[in-house]
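Notes follow once the structure below has been shown.
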Amino acid sequence: MAEPVFSVGVSTRDDPERAAEEAARAARAGLGDLAATLTLVFATPDLATHGEEFLGPVHAALAPEVLLGATGEAVIGGGREFEEGPAVAVWAAHLPGADILPFRLAARIHGDRVTVAGWPAELSAPDGPGAPLLLLADPFTFPADAVLGEVNSKPEGAWVVGGLASGGGGPGEHRLFHQGDVLHEGAVGALLRGVAVTPVVSQGCEPIGPEMVITSATGQVVEELAGMPALDKLRTVLTDLDEHERELASRGLLAGLVINENQPDYGRGDFLVRGIQGGDSDTGALVVGERVRVGQTMRFHVRDAASADDDLRHALRRARAGLAPERPRGGLVFSCNGRGTHMFPGPDHDATAIADELSAVPTAGIFCNGEIGPVGGKSFLHGFTATMAVFSGG
């Protein structure tokens with residue numbers, strides 16, 4: 000069977016059509032005469048305000064079977080992160096034997112109830128979709144959790160990777176791309192059938208202290224950890240930390256929750272990391288940013304530039320090792336807009352780490368208002384995270 004081929008083109012021109020044309024031609028050169036099965040377009044908002052004309056050069060150069068994309072306050076492509084000025088990245092993939100089903104979704108509000116319109120039948124089937132999904136959404140007009148909840152209710156095999164558009168300050172200021180259309184709301188995505196793709200999720204954290212079982216909880220409130228009031232247990236954990244860990248904890252402590260308990264031990268990627276939103280000194284309870292359950296394993300985490308670097312590289316190496324004997328061929332990346340030079344001392348951090356660990360495969364993406372990826376077999380919306388879809392073969 001023919002192998003997949005990937006390419007990426009980037010432009011920093013300030014003229015939207017010229018930028019799109021330059022990036023698309025570079026992507027076409029990377030594919031040669033091969034058909035573009037799937038194309039992703041990522042652009043800063045200043046380039047994408049000109050509507051469908053912006054996508055015209057991409058269609059002219061690549062004639063993609065499926066085109067999707069979104070705007071972001073920074074664009075990732077060609078081993079760089081463009082945090083200043085205009086930028087567009089066009090990522091193209093030739094995927095022999097793949098069946099890519101694009102879709103566009105809209106949220107509809109009925110009183111206190113929100114429904115999602117536009118579901119493909121494959122997503123609604125009781126045993127579907129059974130394949131990975133790519134999802135790009137507007138954070139102001141679309142409840143991404145509705146899609147994630149639907150996919151999480153399906154049998155194993157389905158997961159979601161993607162992110163929320165960024166760079167706008169309110170509804171109508173982001174752009175989503177679907178085939179030849181430029182949308183101002185909702186979500187776009189694709190079901191990736193017949194594609195060899197592996198998710199990568201790096202929440203940028205380091206675990207500290209022991210694993211503990213939640214012994215009493217209600218909703219998002221952890222009442223007891225290991226049989227003690229949660230706040231008392233936290234104080235005990237902090238006392239036992241070394242000086243460096245205590246210093247990191249003083250900058251902000253996070254809760255890591257095991258999603259899939261059906262394994263003998265837990266590594267970094269097995270914890271869903273959420274913020275600790277507060278504590279009650281009277282009851283000793285802690286409030287975390289996720290629903291919890293009695294019997295669930297929890298471990299405290301910390302985050303800084305060093306731990307975020309280590310966690311991303313660890314996740315990439317683990318993904319690459321899991322692909323063997325195949326190798327990574329291309330990637331889509333969705334990095335939090337709180338990363339980049341906001342988190343790391345220099346530019347291009349995530350792009351450089353990906354190039355180092357995945358042998359500089361053609362990669363593109365955006366900085367997001369929220370990143371989507373699976374943990375413990377379920378898909379979640381994250382923050383301060385880098386998620387990827389790594390395409391492989393050959």
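Residue numbers for the sequence shown, in numbering that gives the first Met the number 0: 0 to 393.
Cβ atoms here follow ideal geometry from the backbone N, Cα and C, with glycine treated the same way.
This structure is a prediction, so every number in the text was calculated from the model and none was measured.
(request) Just tell me which of THR217, THR235, SER201 and ILE213 has its CA closest to the CA of ALA225. (result) ILE213
(request) For the stretch 317–361, list the beta strand (DSSP E) runs that are entirely contained and at least 3 residues long, ordered along the chain. (result) Complete beta strand (DSSP E) runs here, min 3: 327–335.
(message) Rounded to whole angstroms, what is the Cα-Cα separation between ALA86 and LEU331?
(response) 16 Å
(request) Would you mind giving the Cβ-Cβ distance between THR36 and ILE99, rounded to the nearest angstrom? I have them listed as a contact below 8 Å. (result) About 6 Å separates the Cβ atoms of THR36 and ILE99, confirming a contact at the 8 Å cut-off.
(request) Report all residues from its chain with a CB closer than 7 Å to the CB of GLY218; omit the five preceding and five following residues, and keep chain order. (result) ARG290
(request) Taking 7 Å as the cut-off, decide whether the C-beta atoms of GLN202 and VAL272 are in contact. (result) yes
(message) For SER306, which residues in the same chain have their Cβ closer than 7 Å to its Cβ, ignoring the five residues on either side in sequence?
(response) GLY203, CYS204 and GLU205
(message) Tell me which residues share the same chain as LEU104 and place their Cβ nearer than 6 Å to its Cβ, disregarding the 5 neighbours each side in the sequence.
(response) Cβ contact annotation for LEU104 (same chain, cutoff 6 Å, sequence separation greater than five): VAL115, GLY117, GLY185 and ALA186, in chain order.
(message) Taking contact to mean 3 or more Cβ pairs, one atom from each stretch, closer than 8 Å, check whether the stretch 53–72 and the stretch 11–26 are in contact.
(response) yes
(request) Report yes if the C-beta distance between ALA91 and THR38 is below 7 Å; otherwise report no. (result) Going by C-beta atoms, ALA91 is nearer than 7 Å to THR38.
(request) Give a yes or no on whether the C-beta atoms belonging to VAL150 and ALA157 are separated by under 7 Å. (result) Going by C-beta atoms, VAL150 is nearer than 7 Å to ALA157.
(request) Taking only the alpha-carbon atoms, compute the straight-line gap between PHE139 and ASP239 and give it to the nearest angstrom. (result) 43 Å
(request) Could you pull out every residue in the same chain whose Cβ sits closer than 8 Å to the Cβ of GLY84, ignoring the five residues on either side in sequence? (result) THR11, ASP13 and THR43
(message) Runs of 3 residues minimum, wholly inside the stretch 106–158: which ones carry the beta strand (DSSP E) assignment?
(response) The stretch 106–158 is shown to contain whole beta strand (DSSP E) runs of 3 or more residues at 112–116 and 132–136, in chain order.
(request) Report the rounded CA-to-CA distance for GLU82 versus GLY339, giving the unit in angstroms. (result) 8 Å
(message) Which residue wins for smallest C-alpha separation from VAL221, given the options VAL194, VAL287 and PRO209?
(response) VAL287
(message) For ARG267, report the span of its alpha helix (DSSP H) as first-last.
(response) Looking at the DSSP string, ARG267 is not in any alpha helix (DSSP H), and its letter there is neither H nor E.
(message) Looking at the secondary structure, which residues open and close the alpha helix (DSSP H) in which VAL389 lies?
(response) Run containing VAL389: none in the alpha helix (DSSP H); it sits in the beta strand (DSSP E), 385–391.
(request) Can you grab the Cα-Cα spacing for the pair LEU233 / PHE5, in whole Å? (result) 48 Å
(message) Whether or not the stretch 362–369 and the stretch 162–181 are in contact is what I'm after, with contact meaning three or more pairs of Cβ atoms, one per stretch, closer than 8 Å; do they touch?
(response) yes
(message) So that I know if they touch, is there some Cβ in chain C lying closer than 7 Å to that of LEU224?
(response) Within the model displayed, chain C is absent; a lone protein chain is all it includes.
(request) With a cut-off of 8 Å on the beta carbons, I'd call THR296 and VAL257 a contact; round off their distance for me. (result) 4 Å
(message) I believe ARG292 touches ALA359 by the beta-carbon criterion, under 8 Å. Please report the beta-carbon distance rounded to the nearest angstrom.
(response) Going by Cβ atoms, the distance from ARG292 to ALA359 rounds to 42 Å, so no, they are not a contact pair.
(message) From the DSSP secondary-structure annotation, give me the bridge partner or partners of PRO228.
(response) PRO228 is bridged to GLU223.
(request) Over the uninterrupted alpha helix (DSSP H) stretch that includes GLY55, give me the two end residues. (result) 55–61
(message) Under DSSP, the alpha helix (DSSP H) around ARG27 begins and ends at which residues?
(response) Looking at the DSSP string, the run of the alpha helix (DSSP H) that includes ARG27 is 15–30.
(request) Less than 8 Å between the CB atoms is what I'm expecting for VAL7 and ALA88, so what's the real figure, rounded? (result) 6 Å
(request) Take ASP45 and list the residues in its own chain whose beta-carbon comes closer than 7 Å to its own, dropping the five residues that flank it on each side. (result) Counting only Cβ-Cβ distances below 7 Å, and skipping sequence neighbours, we find PRO85.
(request) Return the CA-CA distance between ALA385 and ASP111, expressed in angstroms with no decimal places. (result) Taking the Cα positions, ALA385 is about 32 Å away from ASP111.
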